[in-house]
Structures are given as C-alpha cells and as structure tokens.
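A short worksheet on the structure shown next.
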Amino acid sequence: MQISNFHFSYIDYPGKISVILFFQGCNYRCPSCHAKNLLENNESLEEESFFEYLNYKREWVDGVVLCGGEPTIQDGLINFVKKIKRKGLNIKLDTNGNEPSVLEKLLEGKLIDYVAMDVKGPEVLYNDLTGRKTNFERIKNSLDVVPQFPDYEFRTTIVPVIRYNERISFMTPQEIGETAKLIYDCTGKSNSKYFLQKFVPHKGEGALVDSRLEVFTETPKEILEEGKKLAERYSPHCRIR
Ligand code: SF4
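For the sequence shown, the working numbering gives the first residue as 80, with consecutive numbering after it.
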C-alpha cells in the first residue's frame, strides 16, 4: 500500500470521528488538483505504522476515511479494508469513480459504509477536468454502483476549466445542471445527496497541477447559486458547501 499520511479528523466523515488516511498515486491529473504531492508513487509509510496509530486511537474513533490520491488504484486495497473492518470500524471511501470493478468488489464484500464520489463535470468536459483521456463508461458504471452502498454522496467542485481552445473559464451554471442530469440519468434517482463545492485557490508557484489556474479567485457565488438552481431540477437535495 502506498500510504502518504494519516491523522485524526472531526470533519471528514459525516457524523463520525475518524482517522483519515491519504494514499499516494492517482490515475488522473486534474489541472485544479491541490494534492499534487500525492499524485506520484513516492516513498510510502509502513502499513504497520497506520495500524499502530489506529489501535492507539481506537477508543476515540468510529470510522476511517480512505482518500488520496485515488484509493481504488491501490494493490491490496480489499485485504487492507478487511483488516480495518475487523476492528469494527465504519469506513468511508473518497473516489473519483474511475474503477467501478473495485467498487463492485467492495460492495459485494460489504466492506464500505459510505462512498463519496467526485463527479468532475458533464461528459463533454471530462478529459479537460481530469487531465487524462477518460473512459467515460467507467464513470457511468460507478454512478450506477455507488447508490448501492449503505450511504453515499456525489460532489462536484466548480473549478476553472482549461477548455479545448485553451480558453480558461469557470464551469458554467448550465454545465453544473448537465452534471446533475448525468447523475440522475445514470442512477435513476433524484434523492441522492449532491454537493457543489467551491474551488479554493492555492496560491504559490506549483501549488496546483496546472499553474495557470493559480491566478483564479474562489468560485463566484453567482455561479454556485445559479448552478444549484439548475441542478435542483434533477437533484432536489443539491447543496452548496
Ligand atoms: S483532484 Fe484529480 S488528480 Fe487530484 S487526487 Fe483527485 S482525482 Fe486525483
């Protein structure tokens, strides 16, 4: 397992106190990514050091959050999750949804209690938003699998997009509405939790994967509010956070 870091958290698992673990490595290169230091497979911490910490904190925590990077590309994830589960803890998984077959295995094994899936945007923007040629069928499959977990949410960060003509502009309210429609079309559900998150600029050279985005301010309130109105047509539970 490529483990970068872990710590105690009150905020990363809704309603639970948790230990959050960050894996190294990701199959995407989102230009707006803040986790640049986690994208490559650098030297990692020993799995044992995580379990020692978890045992030490066991009395105070109800859950573990697995995030990254991208947890679902980790070799040995299933056995790792089983080891956590045997401690009687709830597990939340944060994923970009690129590995539906791993999600299916986790579902079959009843190994994950809460999935938070990033839906980057509408299909037409996916390659721009992920910085990779994305197999969109995988995203659709994950959108189908995720609602089968005991609890779940979808979320979209409203980022500046480097578009095909190199023009850079924030995702539009219409594109937010299309993303909500995509979720609705793939899940067949209008009652999924769906969060719109603002882009928070990280200043400083090399803070983001693509430094051209470092001059942008946080997502304008009007885009979030207008986007929420359009998203609510498909997802009445849409919230801004
Ligand atoms: S923002 Fe994109 S590149 Fe960064 S960790 Fe998430 S999926 Fe990977």
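Ideal placement from N, C-alpha and C gives every residue a C-beta, glycine not left out.
Given this structure, state the Cα-to-Cα distance separating residue i from residue j, to the nearest angstrom.
{"i": "L278", "j": "D207", "result": "The sequence as given places Phe at residue 278; Leu does not occur at that position. Looking at the two C-alpha atoms, the distance is approximately 16 Å."}
{"i": "V140", "j": "P150", "result": "21 Å"}
{"i": "G210", "j": "Y107", "result": "6 Å"}
{"i": "C265", "j": "G104", "result": "27 Å"}
{"i": "S111", "j": "N158", "result": "32 Å"}
{"i": "I302", "j": "T251", "result": "7 Å"}
{"i": "P299", "j": "I237", "result": "9 Å"}
{"i": "K171", "j": "D197", "result": "13 Å"}
{"i": "E138", "j": "S128", "result": "17 Å"}
{"i": "K184", "j": "A286", "result": "35 Å"}
{"i": "T235", "j": "E304", "result": "14 Å"}
{"i": "F167", "j": "F233", "result": "For the record, residue 167 in the displayed sequence is Gly; it is not Phe. The alpha-carbon atoms of G167 and F233 are separated by roughly 26 Å."}
{"i": "Y205", "j": "V294", "result": "22 Å"}
{"i": "I247", "j": "R291", "result": "9 Å"}
{"i": "K95", "j": "Y132", "result": "18 Å"}
{"i": "T296", "j": "R165", "result": "44 Å"}
{"i": "G200", "j": "D223", "result": "16 Å"}
{"i": "F87", "j": "R242", "result": "38 Å"}
{"i": "K272", "j": "Y135", "result": "33 Å"}
{"i": "C109", "j": "G306", "result": "21 Å"}
{"i": "E126", "j": "T213", "result": "30 Å"}
Could you tell me the boundaries of the alpha helix (DSSP H) in which residue i lies?
{"i": "D223", "result": "215-224"}
{"i": "L67", "result": "Residue 67 cannot be examined here, being either before or after the span of the chain that is shown, 80 to 320."}
{"i": "N134", "result": "126-136"}
{"i": "I163", "result": "156-164"}
{"i": "D181", "result": "The sequence given here places Val at residue 181; Asp does not occur at that position. 179-187 is the extent of the alpha helix (DSSP H) around V181."}
For residue i, which residues from the same chain have a beta carbon less than 8 Å from its beta carbon, with the 5 sequence-adjacent residues on both sides left out?
{"i": "K162", "result": "F130"}
{"i": "F101", "result": "I82, S83, N84, F85, A114, L117, C146, G147, G148"}
{"i": "L309", "result": "P252, Q253, I255, G256, A259"}
{"i": "P315", "result": "S269, N270"}
{"i": "Q153", "result": "M80, Q81, F102, G104, F159"}
Tell me which same chain residues have a C-beta within less than 7 Å of the C-beta of residue i, skipping the five on either side of it?
{"i": "D91", "result": "S97, I99, V144"}
{"i": "E202", "result": "F215, L261"}
{"i": "P93", "result": "none"}
{"i": "F187", "result": "A quick correction: the sequence has Glu, not Phe, at residue 187. The answer is none, since no qualifying residue turns up."}
{"i": "R320", "result": "F274, Q276"}
{"i": "S221", "result": "G176, P179, L182, M196"}
{"i": "G142", "result": "Y92, K95, S97, L168, N169, I170, K171"}
{"i": "Y89", "result": "I96"}
{"i": "L156", "result": "P150, V181"}
Looking only at its chain, what residues have a beta carbon closer than 6 Å to the beta carbon of residue i, apart from the 5 residues adjacent to it on each side?
{"i": "E311", "result": "C317"}
{"i": "I218", "result": "G176"}
{"i": "Y313", "result": "A259, K260, Y263"}
{"i": "D173", "result": "C146, A195"}
Between which two residues does the beta strand (DSSP E) carrying residue i extend?
{"i": "T236", "result": "230-237"}
{"i": "C265", "result": "Counting along the chain, C265 falls outside any beta strand (DSSP E), though it belongs to the alpha helix (DSSP H) covering 252-266."}
{"i": "T209", "result": "Careful: T209 lies outside any beta strand (DSSP E), inside the alpha helix (DSSP H) at 205-209."}
{"i": "L275", "result": "273-277"}
{"i": "V143", "result": "142-146"}
{"i": "S314", "result": "First-last for S314: undefined, no H or E at that position."}
{"i": "S97", "result": "95-102"}
{"i": "K171", "result": "169-174"}
{"i": "S269", "result": "From DSSP, S269 is part of no beta strand (DSSP E); its letter is neither H nor E."}
{"i": "Y89", "result": "82-92"}
query = Taking three-plus beta-carbon pairs below 8 Å as touching, is the segment 178-191 in contact with the segment 225-242?
reply = yes
message = For the structure I just gave you, are there three or more beta carbon pairs, one from the segment 113-122 and one from the segment 174-185, closer than 8 Å?
response = no
ask   = Closer than 5 Å from C-beta to any heavy atom of the ligand SF4: which residues, in chain order?
value = C105, Y107, C109, C112, A114, N175
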